[in-house]
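Notes for the one structure printed next.
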Amino acid sequence: MKRTLKIYYTSDTHGHLFPAGDGRGGSMLQCFHKFKKDGNTLILDGGDTIQGSPLIKFLREKGRLEEVLSRAFDEAGYDYFTLGNHDFNYGREKLKDFLKAMGARCLAANVKDIRGELPVRAWTVHTLENGLRVGICGAVTDCVNLWEAKENLEDLQVTDAFEAVKQALEEMKRECDVTVCIYHGGYERDLETGEVLCQGKENMACQMLSRLDFDLLLTAHQHMETEGREINGTYTLQLPPNGEKYARVEVTVDDGGESGPAAGKAEERLSGDALAAGMPGDRLPEEPDKNRAGGSGRKTEISARLVSPGKEISPSLMKELEPVRREEEVWKERVIGTLAQEIPAQELLERAMNGTALADLGNQVQLWITGADMACIGMANVPVGLGRQVKLGDMLRVYPFPNRQVVLTVTGEILKAALERCASYFDLEDGKVVISQRFTKPKEEHYNYDYYAGVEYTADLRRPVGERVTEILVKGRPAEMEKTYTLAMSDYRATGTGGYECFRSCPPPRAYPGDMQSSIISYLESHPEAEIKPLGKLHLIY
Numbered sequence: 011m012k013r014t015l016k017i018y019y020t021s022d023t024h025g026h027l028f029p030a031g032d033g034r035g036g037s038m039l040q041c042f043h044k045f046k047k048d049g050n051t052l053i054l055d056g057g058d059t060i061q062g063s064p065l066i067k068f069l070r071e072k073g074r075l076e077e078v079l080s081r082a083f084d085e086a087g088y089d090y091f092t093l094g095n096h097d098f099n100y101g102r103e104k105l106k107d108f109l110k111a112m113g114a115r116c117l118a119a120n121v122k123d124i125r126g127e128l129p130v131r132a133w134t135v136h137t138l139e140n141g142l143r144v145g146i147c148g149a150v151t152d153c154v155n156l157w158e159a160k161e162n163l164e165d166l167q168v169t170d171a172f173e174a175v176k177q178a179l180e181e182m183k184r185e186c187d188v189t190v191c192i193y194h195g196g197y198e199r200d201l202e203t204g205e206v207l208c209q210g211k212e213n214m215a216c217q218m219l220s221r222l223d224f225d226l227l228l229t230a231h232q233h234m235e236t237e238g239r240e241i242n243g244t245y246t247l248q249l250p251p252n253g254e255k256y257a258r259v260e261v262t263v264d265d266g267g268e269s270g271p272a273a274g275k276a277e278e279r280l281s282g283d284a285l286a287a288g289m290p291g292d293r294l295p296e297e298p299d300k301n302r303a304g305g306s307g308r309k310t311e312i313s314a315r316l317v318s319p320g321k322e323i324s325p326s327l328m329k330e331l332e333p334v335r336r337e338e339e340v341w342k343e344r345v346i347g348t349l350a351q352e353i354p355a356q357e358l359l360e361r362a363m364n365g366t367a368l369a370d371l372g373n374q375v376q377l378w379i380t381g382a383d384m385a386c387i388g389m390a391n392v393p394v395g396l397g398r399q400v401k402l403g404d405m406l407r408v409y410p411f412p413n414r415q416v417v418l419t420v421t422g423e424i425l426k427a428a429l430e431r432c433a434s435y436f437d438l439e440d441g442k443v444v445i446s447q448r449f450t451k452p453k454e455e456h457y458n459y460d461y462y463a464g465v466e467y468t469a470d471l472r473r474p475v476g477e478r479v480t481e482i483l484v485k486g487r488p489a490e491m492e493k494t495y496t497l498a499m500s501d502y503r504a505t506g507t508g509g510y511e512c513f514r515s516c517p518p519p520r521a522y523p524g525d526m527q528s529s530i531i532s533y534l535e536s537h538p539e540a541e542i543k544p545l546g547k548l549h550l551i552y
């Protein structure tokens with residue numbers, strides 16, 4: 011007997027509920043309009059839902075985030091979702107409010123709430139109307155422990171993602187016909203060549219594909235569009251961000267004449283706990299042994315398409331949410347300050363080689379707040395500019411990360427190591443400077459190239475990576491390797507993320523209240539006709 015499961019999958023939507031005003035990309039509402047739900051369909055999401063767009067900031071200010079997002083997700087018919095790393099950004103209470111507002115159930119096998127307040131489970135078995143039993147678990151990259159502020163993880167434990175889904179699979183697979191893992195993490199290797207793309211535990215999907223026997227592994231986090239394919243008997247895919255596409259997956263199970271569960275009303279059985287254990291991961295074996303569950307006559311076929319949603323939106327849902335959209339547009343048009351001159355957009359390579367007034371402004375703000383010797387800041391992946399009259403919405407596009415400012419005490423040696431990472435942004439091809447694939451694969455990470463204030467340095471691109479920085483001046487004086495300096499940056503960068511592991515050896519940072527976006531607003535309010543001065547300089551030799 012053949013039975014079919016249909017899945018609609020989204021991930022990394024980052025609060026992009028409405029279409030962009032310029033008509034580019036997609037949106038959550040455009041994806042939702044394409045979903046056709048019945049008793050043999052599941053709608054799933056891979057996390058990073060409540061951070062990353064001006065709409066999210068607007069809804070937070072108005073106290074309506076949970077209400078609006080849950081209304082949209084419920085109307086779309088979502089069944090299950092997992093958490094993304096950014097869903098922890100505002101602390102456990104905000105996360106709890108969001109989870110309790112959602113009609114869909116949260117599955118995160120490696121997240122445990124010591125207080126037992128968050129409605130998070132490790133796995134579930136969902137029985138479709140046709141009797142097909144679908145086991146589903148979820149997990150978030152356990153690098154949350156590294157990136158997130160400690161107070162945001164109060165009484166929360168985020169354990170090893172691989173071990174968590176391994177245990178969930180063992181517990182649920184005897185009770186189901188199809189196994190699905192929603193993993194907010196990505197591929198640590200190139201799926202075509204096997205080349206290692208990243209080290210550490212941020213992305214562990216390839217280990218899961220090699221060592222675990224899920225039927226379907228839905229990945230996220232990297233924003234790296236990956237068409238569906240079967241690897242070692244597991245079907246896998248990944249979506250681009252912000253609702254640009256959704257996945258439509260079909261799973262057909264042919265029991266080969268075996269009698270399955272009786273068809274009837276769709277139902278589910280949830281696990282009793284969210285998984286307490288977080289055991290260290292094993293080494294990836296050279297020849298993994300994957301023993302797939304199921305009867306000898308059963309055959310499972312999976313296919314998928316990544317679909318651009320088009321421009322149509324559900325009329326009923328748009329009508330319901332149109333007042334929110336209008337209010338947000340008015341809010342984004344508010345002028346928050348004036349610059350002495352406008353800042354045009356620059357191409358990515360040009361701005362990295364020559365500097366950008368956008369980074370200068372961000373660094374001026376950090377130095378204004380902290381009084382540090384130096385400051386550094388990363389910029390968004392998309393080139394944008396600012397007019398003289400700075401509108402709130404434009405500022406949020408330029409500085410999309412609501413990180414807090416901190417100050418690290420660094421030695422000259424640590425500063426040099428950080429600048430070497432910046433210098434690795436460039437490569438030479440036929441004598442011409444290009445952006446290195448170190449910052450574009452497996453995903454675009456231009457935000458991990460930092461612009462400095464208070465520092466002038468020279469990098470010789472003809473030299474090996476890690477040995478390129480030949481001269482460093484701090485406030486006009488040669489940097490001393492043993493001397494200590496104060497360096498302002500985001501709390502995200504202070505964790506050493508993005509290739510800046512050198513910062514992890516520094517003493518604990520000194521934190522400042524508020525976030526970067528709020529600080530820029532305060533700075534512009536305090537500095538009419540704000541003049542932006544370049545306070546740093548990069549000299550490239552090639």
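Quick note on the working numbering: the sequence shown kicks off at 11 and runs consecutively.
The beta-carbon is built from N, C-alpha and C at its ideal position, and this holds for glycine as well.
Closest to L555 by CA distance: which of T380, L227, T507 is it?
Any property of residue 555 remains undetermined from this structure, which presents the chain solely from 11 to 552.
Thinking just about the alpha-carbon of each residue, which of I241, P410, M384 is nearest to the one in V392?
Translated into the one-based positions of the sequence shown, residue 392 becomes position 382. Nearest option by C-alpha distance: P410.
Since G204 and Q232 should fall inside the 8 Å C-beta cutoff, what is the C-beta to C-beta distance between them, to a whole number of angstroms?
By 1-based counting over the sequence shown, the position of residue 204 is 194. By 1-based counting over the sequence shown, the position of residue 232 is 222. About 17 Å separates the two Cβ atoms, so there is no contact after all.
Kindly list the residues whose CB is nearer than 8 Å to the CB of N140, restricted to its own chain and excluding five residues on each side of it in sequence; keep chain order.
Start at 1 with the first residue of the sequence shown, and residue 140 comes out as number 130. Around N140: R13, T14, G49, N50, A273.
Taking all protein chains shown into account, do 16 or more other C-beta atoms lie within 10 angstroms of the C-beta of D299, making it buried, or fewer, making it exposed?
Reading the sequence shown from its first residue, position 289 is the one you call residue 299. A caution first: D299 carries a pLDDT of 43, below 50, which makes its placement in the model too unreliable to give a value.
When the Cα of N213 is compared with those of R221, G506, E202, H194, which residue comes out closest?
Taking the sequence shown and counting its residues from 1, one reaches residue 213 at position 203. When each option's Cα is compared against that of N213, the closest is H194.
Using 8 Å as the threshold, is the stretch 513 to 522 in touch with the stretch 461 to 475, meaning 3 or more CB pairs across them?
no
Measure the Cβ-Cβ separation of T348 and E539 and say whether it is below 8 Å.
As a first step, residue 348 is located in the sequence shown; it is residue number 338 there, counting from the start. As a first step, residue 539 is located in the sequence shown; it is residue number 529 there, counting from the start. Cβ distance < 8 Å, so T348 and E539 count as in contact.
Hey, out of S324, L316, E455, G524, whose CA is closest to Q415's CA?
For the purposes of this step, residue 415 is taken as the residue at position 405 of the sequence shown. When only C-alpha atoms are compared, the closest one is G524.
With H, G and I counted as helix, E and B as strand and the rest as coil, what does DSSP make of K16?
If you number the sequence shown from 1, residue 16 lands on position 6. K16 falls in the strand class under three-state DSSP.
Return the CA-CA distance between E121 and D89, expressed in angstroms with no decimal places.
By 1-based counting over the sequence shown, the position of residue 121 is 111. By 1-based counting over the sequence shown, the position of residue 89 is 79. A quick correction: the sequence has Val, not Glu, at residue 121. Straight-line spacing of the CA atoms in V121 and D89 works out to 19 Å.
For A82, the nearest candidate out of G73, Q61, M112, G94 (CA to CA)
Start at 1 with the first residue of the sequence shown, and residue 82 comes out as number 72. If we check each option's Cα against that of A82, M112 comes out closest.
Using a Cβ-Cβ cut-off of 7 Å (strictly less than) and excluding sequence neighbours within five positions of K342, which residues of its own chain qualify?
As a working note, residue 342 is residue 332 in the sequence shown. If we look at K342 and ignore the five residues flanking it on each side, its Cβ neighbours are P64, K401, L402, G403.
Nearest candidate by alpha-carbon position, reference P354, set A362, K110, T366, V345:
Taking the first residue of the sequence shown as 1, we reach residue 354 at position 344. For P354, the nearest C-alpha among the options comes from T366.
Measure the alpha-carbon distance for L545 versus N162 and round it to whole angstroms.
Numbered from 1 along the sequence shown, position 535 holds the residue referred to as residue 545. Numbered from 1 along the sequence shown, position 152 holds the residue referred to as residue 162. Their Cα atoms are separated by approximately 34 Å.
Thinking just about the alpha-carbon of each residue, which of S21, Q40, D22 is nearest to the one in A30?
To locate residue 30, count along the sequence shown from 1; it is residue 20. Comparing Cα positions, the closest option is Q40.
Do three or more CB pairs link the stretch 180 to 189 to the stretch 128 to 139 at distances below 8 Å?
yes
Would DSSP call G403 helix, strand or coil?
Taking the first residue of the sequence shown as position 1, residue 403 is located at position 393. Three-state DSSP puts G403 in a helix.
Give every residue of the same chain whose Cβ lies closer than 6 Å to the Cβ of K547, excluding the five residues on either side of it in the sequence, and list them in chain order.
In the sequence shown, the residue the question calls residue 547 occupies position 537. Same-chain partners within the cutoff: E466.
What three-state label does DSSP hand T480 in the structure shown?
If you number the sequence shown from 1, residue 480 lands on position 470. It is a strand residue.
Would you kindly work out how many angstroms separate the C-alpha atoms of L138 and I66, rounded to a whole number?
The residue labelled residue 138 in the question sits at position 128 within the sequence shown. The residue labelled residue 66 in the question sits at position 56 within the sequence shown. C-alpha separation (whole angstroms): 34 Å.
Give me the Cβ distance between F449 and V443, rounded to the nearest whole Å; I'm assuming they're in contact under 8 Å.
Within the sequence shown, residue 449 is the residue found at index 439, counting from 1. Within the sequence shown, residue 443 is the residue found at index 433, counting from 1. Actually they are not in contact, since the Cβ atoms of F449 and V443 sit about 13 Å apart, beyond 8 Å.
To which residues of the same chain is L534 closer than 7 Å at the C-beta, ignoring the five residues directly before and after it?
As a working note, residue 534 is residue 524 in the sequence shown. In its chain, beyond the 5 residues on either side, I346, G347, V400, A540 have a beta carbon closer than 7 Å to the beta carbon of L534.
Residue span of the alpha helix (DSSP H) that contains G422, given as start and end
Stepping through the sequence shown from its first residue, residue 422 is reached at position 412. First-last of the alpha helix (DSSP H) with G422: 422 to 433.
Ranges of the alpha helix (DSSP H) found wholly within the stretch 183 to 225, counting only runs of at least 4
215 to 221
Per DSSP, what are the beta-bridge partners of I133 in this structure?
Within the sequence shown, the letter at position 123 stands for residue 133. In the sequence on display, residue 133 carries Trp and not Ile. C147.
Assigned exposure category for V340 - 16 Cβ within 10 Å defines buried:
Along the sequence shown, one-based indexing puts residue 340 at 330. The residue is exposed, with fewer than 16 neighbouring Cβ atoms inside 10 Å.
Cα-Cα separation between A385 and Q351, rounded to whole angstroms:
Position 375 of the sequence shown, counted from the start, is the residue given in the question as residue 385. Position 341 of the sequence shown, counted from the start, is the residue given in the question as residue 351. Whole-angstrom Cα-Cα distance: 22 Å.
CA-to-CA distance, F108 to R76, given in whole angstroms
Locating residue 76 in the sequence shown gives position 66, counting from the first residue. Locating residue 108 in the sequence shown gives position 98, counting from the first residue. The identity of residue 76 in the sequence shown is Glu, whereas the question assumes Arg. In a straight line, the C-alpha of E76 is about 5 Å away from that of F108.
Quick test of the definition: if touching needs 3 or more C-beta pairs under 8 Å, does the stretch 241 to 260 touch the stretch 475 to 489?
Here the stretch 241 to 260 does not lie against the stretch 475 to 489, with fewer than 3 beta-carbon pairs under 8 Å apart.
Measuring straight from C-alpha to C-alpha, what distance separates F68 and E311?
For the purposes of this step, residue 68 is taken as the residue at position 58 of the sequence shown. For the purposes of this step, residue 311 is taken as the residue at position 301 of the sequence shown. Their backbone Cα atoms lie some 44 Å apart in a straight line.
Which residue wins for smallest C-alpha separation from I53, given the options L438, I192, S326?
For this step, residue 53 is matched to residue 43 along the sequence shown. Comparing Cα-Cα distances from I53 to each of L438, I192, S326, the minimum goes to I192.
Residue closest to L128, alpha-carbon to alpha-carbon, out of R143, F513, K110, G145:
The count along the sequence shown starts at 1 and reaches residue 128 at position 118. Of the candidates R143, F513, K110, G145, the one whose C-alpha sits nearest the C-alpha of L128 is K110.
Mark I124 as exposed unless 16 or more other C-beta atoms lie within 10 angstroms of its C-beta, in which case mark it buried.
On the sequence shown, position 114 is the one that residue 124 refers to. Label assigned to I124: exposed.
Using 8 Å as the limit for Cβ to Cβ distance, is S220 near chain D?
The displayed structure is made up of one protein chain only, and chain D is not part of it.
At what residue ranges does the stretch 509 to 551 contain a whole run of the beta strand (DSSP E), taking only runs of 3 or more?
Those beta strand (DSSP E) runs which fall completely within the stretch 509 to 551 and span 3+ residues are 547 to 551.
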